[in-house]
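Under this note's numbering, think of the first position of the sequence shown as 755, with each following residue one higher. By construction, the Cβ of each residue, glycine as well, lies at the ideal position given by its N, Cα and C atoms. In this text the structure is predicted, and so the values were computed from the model without any measurement. To keep things clear, I will list the structure first and then write my remarks on it.
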Amino acid sequence: MWAKLKQRIWEWRGVWIAAPCLTILLLGLRWTGGLQMLEWALLDRYFRLRPPESPDDRIVLVTINESDLRNVGQWPVPDRVLAELLAKIKVQQPRAIGLDIYRDLPVEPGHQELVEIYKSTPNLIGIKKVVGDENAFGVNPPPELAELEQVSANDFVEDADGKIRRAFFYLSDRQGNPTYSLGFTLAWLYLEAAGIPVSLTDESWIKFGDVVFPPFESNDGGYIRADASGYQILLNFRGPSCLRNKNHCPYQFVSMTDVLENKVADDLMRDRIVLIGSTAESLNDFFFTPYSSGMISTPEPTAGVEIHANVASQILETVLSDRPLVKTWPEPLEWVWIFAWSALGSTLTWKWRYSSGTNHISWLSSGSLLLSICTLFGVTYFSFLNGWWIPVVLPLLGLLGSAIAIQGYIARTAGQIRKTFGRYLNDAVIANLLESPQGFKLGGENRTVTLLLSDLRGFTALAKPLPPEKVVNLLNIYLERMCQIIEQYNGTIDKFMGDAILVIFGAPTSREDDPERAVACAIAMQIAMKEINQKLSQLNLPVIEMGIGIHTGEVIVGNIGSQKHAEYTAIGSEVNLVSRIESYTIGGQILISDSTMQSIKNPLRIDDKKIVNPKGFNQEITIYEVGGIGGRYMQFMPKMEAELFPVRPEIALTYSLIDGKHINSTQYRATLVKLSKEIAEIKAERLIEPLSNLKINLDIELTNDEEPGDIYAKVLKKCSTYDYFFLIRFTSMPSEIAVQLAKYCK
């Protein structure tokens, strides 16, 4: 039995791994709060998709619009006008009147008349702003109403995206004194008149009659660590703003002018809640709600008085009509919900993991995921219609993420191959090797290949003053472009050695034109240096130069190493020889060996020819400077030409010979006699072998009184038969010296 259980677990190992791991990852992501705005946005979408609700005829809005302001002629409205408005409303005997207008100071004329209305209207509730900004203490209520304890708060709870989705039942000021919200107080007065008392449960939750209103908690629904101070609930909006959607307005509303001019029915407000507030755009008492956003439409704000009406209506509808509140699941249940969808996504994908070769099964797998997504949205939307806010974003990520994870697991073998070989093989070569599994066995073979080695001239000195991040950025820009070109010419990158790249043409896949492709690739790499340097200059990074050596010969190529760590590489003396050839180059130069020259059938442009004796080899070889290739590749580099300017007076210098990476301690004297931007002529006291590398120090004074830095150069040739005049090419030069020497090149 245990063996069968182990087998079943193994058969579904992808699900056992993917679902729990992804659930933990998503819960961690949820904890950061980074996805809560997406969850809010989906909640808003569900509000806008919900069918219109019937109007709540228990609430009447008396609005002050732009037309009312023009009729009155000022803002704030004079106390006499406000007193007359309240008197006419009072005559209709409403159950509660909410005055959503700040009235902490008198606005003459008529203040005493307004005070009398305050004192004679026990169901009139004024407002104050409890929570102010950092430098303020809110807004005081009308003093007379404060004495009568007929004041409520008109504060709202705004989410991080500026929308209102929650409402206060009560909140505390800075001294800790609780204040009920305007909407809550008006609903309380209405229900109290209907004989429905308000009380507290054992958990200190507010209830009207038998209906309990659980308070909002910090992690309810799509919220993460929200401020749940005071007593808050999630708002279940009845609909969009009345001002722009009069056909589906949740409440009756009339203008202040209509009331003052007796243009409303005599019983319009009887036994109802009346809310008085501004809807004039110039007064800017507007807020964003879930109904404020559309797919492409401009956000439409809602007047503050309408939001207070929503709060009161939500309480009345819940108590009197069983309209559902917006409820949420406990967090542990949400965790199970996320895990269930992660498990579903991984199960559907794992079940059909070996069926990708059949179109019918492939469509079935994709269709199952699509159906699951539709089910998720359908279930959560139906739940929303019944008062439940169930998370959507994280289950959706679990469903899709687990499917992606399983697909990655299925492709593990091919992924490991590409991870190992993709560093130095292009896609075409990898595809070829995948068809020949024996190509991955340890071991090697003798094969004639063409090797290309590129290296940046003077990079060590150039990188020394740069911070590490700039050096890495420079190298990444350079290597990225070089790798693109190498892949274009089907080269195999053997390895990166700092700023150097060793490329094989002819292994693991051999072609007849390997030498031609190597030369064409080298020319393309040199041509691309202009583009690279332009990009470096834009980033305030130093420009760079590259030398390339190419050699054709027999090497050992194959997977060399151990069973745990192996690399596809080339070894042998020919690899050392191409390194020696590359060391003879200057920036912008391509040197090829005689064996490569003899292997190429396409015409080449040869700009120079030298006989050298590479260190570590017993015989001389001929190397050629290539400037272009004809035939099918047809690429040519511009010739390097420079006008030399006489240096007057001549500049004294000392130089040391460089052998490999070692700088000889012996210094010799010479003078700088001619100069261009990149090339110079020096007069020495002794013979210097062509292609020697030099470290040079000039005897000059810089404008900033600093010691001149080191210059690095390569000897190109001897200029005179009898005297010791030599042409040198600078490979690295400090910028401050370059500026000083540029004065001579004019």
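Practice prompt. Go to D1362, then tell me how far its beta strand (DSSP E) extends in each direction, as first and last residue.
Written response: 1358 to 1366
Item to complete: Would you please state the rounded distance, in angstroms, between the beta carbons of L789 and V1273? I believe it to be under 8 Å.
Response: That belief does not hold up - the Cβ atoms of L789 and V1273 are roughly 54 Å apart, past 8 Å.
Worksheet item: Can the beta-carbon of R992 be found less than 9 Å from the beta-carbon of Y1005?
Response: yes
Worksheet entry | Own chain residues within Cβ distance below 6 Å of D974, not counting five before or after | T1082
Item to complete: For the beta strand (DSSP E) holding F1399, just list the boundary residues, first then last.
Response: 1399 to 1413
Worksheet entry | Within 9 Å, strictly: CB atoms of S935 and Y924 | yes
Worksheet item: Can the beta-carbon of L1426 be found closer than 9 Å to that of A1406?
Response: yes
Discussion item. As a quick exercise: from N825, V952, Q929, pick the residue whose alpha carbon is nearest that of L940.
Written reply: V952
Fill in: Close beta carbons around T1339, own chain, < 7 Å, minus the five adjacent residues each side
G1301, I1302, G1303, L1345
Practice prompt. Starting from Q1068, follow the alpha helix (DSSP H) in both directions and report where the run begins and ends.
Written response: 1058 to 1075
Worksheet item: Who are the near neighbours of N1217 in its chain, counting only those whose CB is closer than 6 Å to its CB and skipping five residues on each side?
Response: Checking the displayed sequence, the identity of residue 1217 turns out to be Ala instead of Asn. Within the same chain, A1217 has close Cβ partners V1225.
Worksheet item: Do G1162 and L776 have their C-beta atoms within less than 9 Å of each other?
Response: no
Fill in: alpha helix (DSSP H) segment containing T1103, residue limits
1085 to 1105
Worksheet entry | Spatial neighbours of S1032 in its chain, beta-carbon cut-off 6 Å, leaving aside the 5 residues before and after | I818, D1039
Practice prompt. For L1293, count neighbouring Cβ atoms within 10 angstroms of its own Cβ and tell me buried if that reaches 16, exposed if not.
Written response: exposed
Practice prompt. Using only alpha-carbon positions, find the residue among A841, D822, G1245 that is nearest to A1278.
Written response: G1245
Worksheet item: Whose CA, out of S1489, L1441, V869, lies closest to the CA of Y1478?
Response: L1441
Fill in: Range covered by the beta strand (DSSP E) that runs through L823
Careful: L823 lies outside any beta strand (DSSP E), inside the alpha helix (DSSP H) at 820 to 826.
Fill in: DSSP bridge partner residues for T933 (one or two, in chain order)
L925
Fill in: Where D1209 sits in the DSSP three-state scheme
strand
Discussion item. Let's test the definition: count the other Cβ atoms within 10 Å of the Cβ of G1260 and tell me whether it reaches 16, buried, or not, exposed.
Written reply: buried
Worksheet item: If we call anything under 9 Å between Cβ atoms a contact, is I1363 one with I1377?
Response: As written in the sequence, residue 1363 is Lys, which differs from the Ile given in the question. Yes, these two residues count as a Cβ contact at 9 Å.
Practice prompt. Could I get the ranges of all uninterrupted alpha helix (DSSP H) runs contained in the segment 1122 to 1169, with 4 residues as the minimum, in chain order?
Written response: 1147 to 1164
Practice prompt. State the CB to CB distance for the pair E1054 and S995, rounded to an integer number of angstroms; the pair is presumed to be in contact (CB under 8 Å).
Written response: 6 Å
Discussion item. Quick test of your reading: I1482 and K1468, contact by CB under 8 Å. State the CB separation rounded to the nearest angstrom.
Written reply: 7 Å
Worksheet item: From A1434 to M1351, what does the alpha carbon distance come to, in whole angstroms?
Response: 30 Å
Worksheet item: Quick one: what's E1199 bridged to in DSSP?
Response: V1311
Worksheet item: Exposed or buried, what is G1384 when buried is set at 16 or more other beta-carbons lying within 10 Å of its beta-carbon?
Response: exposed
Worksheet item: When the Cα of N931 is compared with those of L1124, L815, I1030, V885, which residue comes out closest?
Response: V885
Worksheet item: In the DSSP assignment, what are the bridge partners of L1029?
Response: L815, G852
Worksheet item: Which residue comes first and which comes last in the beta strand (DSSP E) that contains E1435?
Response: 1433 to 1438
Discussion item. Using C-beta distances below 6 Å, list every residue in its chain close to S1137, excluding the 5 sequence neighbours before and after it, in chain order.
Written reply: I1144
Item to complete: Starting from the Cα of G1212, find the closest Cα among D1248, G984, Y800, P1296 and give me that residue.
Response: P1296
Fill in: Simplified DSSP state of M1487, which is helix, strand or coil
coil
Item to complete: Rounded to whole angstroms, what's the CA-CA distance from A948 to W1095? Just pull it up for me.
Response: 47 Å
Worksheet item: Taking DSSP as the reference, what is the three-state secondary structure of E1321?
Response: strand
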